[in-house]
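Chains A and B, in that order, are what the protein sequence lines are.
My numbering numbers the first residue of the first sequence as 1 and each following residue consecutively.
My numbering numbers the first residue of the second sequence as 1001 and each following residue consecutively.
Beta carbons: idealized from backbone N, C-alpha and C, even for Gly.
A quick note: this is a predicted structure, and the numbers were derived from the prediction, not measured.
There are 2 protein chains.
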Amino acid sequence: MGMSSNSCDYFLDVLASKAPTPGGGGAAAMGGAIGMALSNMVGNLTVGKKKYAAVEDEVKELLEEGSKIIERLKALVDEDAEAFAPLAKAYGLPKNTPEEAAHKEKTLEECSKVALSVPLEIMRQAFRGIKIHERMGEIGSLLAISDVGCGVVFLKAALQSAYLNVLINLGAIRDQNFLDQVNKEMTQLLEDGSRIADKTLDLVIGKIKK
Amino acid sequence: MGMSSNSCDYFLDVLASKAPTPGGGGAAAMGGAIGMALSNMVGNLTVGKKKYAAVEDEVKELLEEGSKIIERLKALVDEDAEAFAPLAKAYGLPKNTPEEAAHKEKTLEECSKVALSVPLEIMRQAFRGIKIHERMGEIGSLLAISDVGCGVVFLKAALQSAYLNVLINLGAIRDQNFLDQVNKEMTQLLEDGSRIADKTLDLVIGKIKK
Chain A
1 MGMSSNSCDY
11 FLDVLASKAP
21 TPGGGGAAAM
31 GGAIGMALSN
41 MVGNLTVGKK
51 KYAAVEDEVK
61 ELLEEGSKII
71 ERLKALVDED
81 AEAFAPLAKA
91 YGLPKNTPEE
101 AAHKEKTLEE
111 CSKVALSVPL
121 EIMRQAFRGI
131 KIHERMGEIG
141 SLLAISDVGC
151 GVVFLKAALQ
161 SAYLNVLINL
171 GAIRDQNFLD
181 QVNKEMTQLL
191 EDGSRIADKT
201 LDLVIGKIKK
Chain B
1001 MGMSSNSCDY
1011 FLDVLASKAP
1021 TPGGGGAAAM
1031 GGAIGMALSN
1041 MVGNLTVGKK
1051 KYAAVEDEVK
1061 ELLEEGSKII
1071 ERLKALVDED
1081 AEAFAPLAKA
1091 YGLPKNTPEE
1101 AAHKEKTLEE
1111 CSKVALSVPL
1121 EIMRQAFRGI
1131 KIHERMGEIG
1141 SLLAISDVGC
1151 GVVFLKAALQ
1161 SAYLNVLINL
1171 GAIRDQNFLD
1181 QVNKEMTQLL
1191 EDGSRIADKT
1201 LDLVIGKIKK
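Pasting the structure below:
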């Protein structure tokens, strides 16, 4: 059973404890799932309403895509814990001799590559979720427009949190090709995602104030 | 038993459903609790470490304050649902006669005042949580510095989400004194809280990149 099958109380307790996981990565995934659920709430309040009949098919597609992202983010809470375990172990390796030090450095680099693959995937999912909110803010029920804004700020928080978790794992990596590739992808996801999230929040505030 | 005693899966399911609550307000409170838990994780990784002995007492105070905020935010998930129920009922009141219309308008105004008191309180708690992260980012264990950044972006998201939920309830209120008072408080919490959160995130990114 995955972490999300536990109570919210339990999740918050282990998150706040000094247990190595869940940490910022798990929080990013779970917090992102909360954000994603809000766009789906708006979608569910939109379908079946005469006023929104013209966009019903598209809203249903957004709902389906949103549900997939929620499931993926819940699974990523567990994947983050699994990918972090070998890295936590590698930190404890000895480095008393030059051979040990070289082995530790190499192991840390390999484990860091694995560990950062999960928050990078969380960033991709958060970006997809932000794009869905952008569209839901345009076509979803006006009665629940504030929920689109709430959802998108939580997905932006997930994007930023996951970014920090990629960033902190880059320090142990020497492979320049790998670094360049990850840097390029994460910067683009962060910049484009943040821009679209901010634009969507502004749109929502504008619609509320009108 | 409160909502947080349910599984994360259940919370996400009802959040995504068209059930009126939990919605953006409940998500703000629960997402804020996730953020707050991260500062406490950093605190728990800081106490008992020789390197941080000089700040141990202050970190313990931050931890205690953080735990109170987590409990308060969890309770606010339930309070938001309770405060929203009478408003949802008021939307259904008839307005076929001038008397009915006047009664509905008055009831909506009263219920909106009650409903917005909860997200306003979520904003206050999120602001307190952001201030704790600001300090934890300065004195907490460097090994977990990225988690301070993750925590603070989720508390900023909670602050913004709660703001949207106050804002959307202002539309039905004519009481100008009340409006002025709420507008003043929420604007200050949003602006100051966002500024401190952004500053803390920048500090964290700077420490990671160093």
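1. Return helix, strand or coil for A/S112, following the three-state DSSP convention.
2. Would A/S146 be called buried (16 or more neighbouring beta carbons within 10 Å of its own) or exposed?
3. Does the contact criterion of 3 or more C-beta pairs under 8 Å hold for the region 129-144 of chain A versus the region 35-53 of chain A?
4. Below 7 Å CB to CB, which residues in the same chain sit around A/A27 once its five sequence neighbours on both sides are set aside?
5. Starting from B/S1007, follow its DSSP beta bridges and name the residues at the other end.
6. Give me the chain A residues within the contact set of B/D1080, using Cβ-Cβ distance strictly less than 9 Å, ordered along the chain.
7. Am I right that B/Y1163 and B/L1190 are in contact with their C-beta atoms under 8 Å? What's the rounded C-beta distance?
8. Give every residue of the same chain whose Cβ lies closer than 6 Å to the Cβ of A/L73, excluding the five residues on either side of it in the sequence, and list them in chain order.
9. Within its chain, find whatever has a CB closer than 7 Å to the CB of B/N1169; leave out the 5 residues flanking it on each side and keep chain order.
10. Nearest chain B C-beta to A/N40 closer than 8 Å, yes or no?
11. Where B/A1090 and B/L1108 are concerned, what is the direct C-alpha to C-alpha distance, given to the nearest angstrom?
12. Measure the Cβ-Cβ separation of A/K95 and A/K106 and say whether it is below 8 Å.
13. Would you report the Cα separation of A/G129 and B/L1063, rounded to the nearest angstrom?
14. Mind checking whether A/V118 and A/L76 have CB atoms under 8 Å apart?
15. Less than 7 Å between C-beta atoms, sequence neighbours within five positions excluded: which residues of the same chain meet that for B/H1133?
16. DSSP three-state call for A/G171: helix, strand or coil?
17. Could you tell me whether the Cβ of B/C1219 comes closer than 8 Å to any Cβ of chain A?
18. Got a sec, what are the start and stop residues for the alpha helix (DSSP H) A/P86 sits in?
19. Kindly indicate which residue of A/M3, A/M1 and A/S7 has the alpha-carbon position closest to the one of B/M1001.
Once the coordinates are examined:
1. Secondary structure of A/S112 (DSSP, three-state): helix.
2. By the C-beta density criterion, A/S146 is buried, having at least 16 other C-beta atoms within 10 angstroms.
3. With a cut-off of 8 Å on Cβ pairs, the region 129-144 of chain A is in contact with the region 35-53 of chain A, counting three or more such pairs.
4. Excluding residues within five positions, the ones whose Cβ falls inside 7 Å are L15 and S161.
5. A/S7, per the DSSP bridge assignment.
6. By Cβ distance, chain A contributes nothing, its closest Cβ being about 12 Å from B/D1080, past 9 Å.
7. A Cβ-Cβ distance of about 5 Å is found for the pair B/Y1163 and B/L1190, placing them in contact under the 8 Å criterion.
8. Closer than 6 Å at the Cβ level, and outside the excluded window around A/L73, lie A29, G32, A33 and Q125.
9. So the list reads S1112, A1115 and L1116, once near-sequence residues are dropped.
10. So yes, A/N40 belongs to the interface.
11. Between B/A1090 and B/L1108, the alpha-carbon positions lie close to 6 Å from each other.
12. Contact flag unset, no.
13. Each residue's Cα considered, the two are about 33 Å apart.
14. Yes. Within cutoff.
15. The residues are S1039, V1148, G1151, V1152, L1155 and T1200.
16. Coil, per DSSP.
17. What is shown of chain B runs 1001 to 1210, which leaves residue 1219 of chain B out entirely.
18. Per DSSP, A/P86 belongs to the alpha helix (DSSP H) from E56 to Y91.
19. The residue with the shortest Cα to Cα distance from B/M1001 is A/S7.
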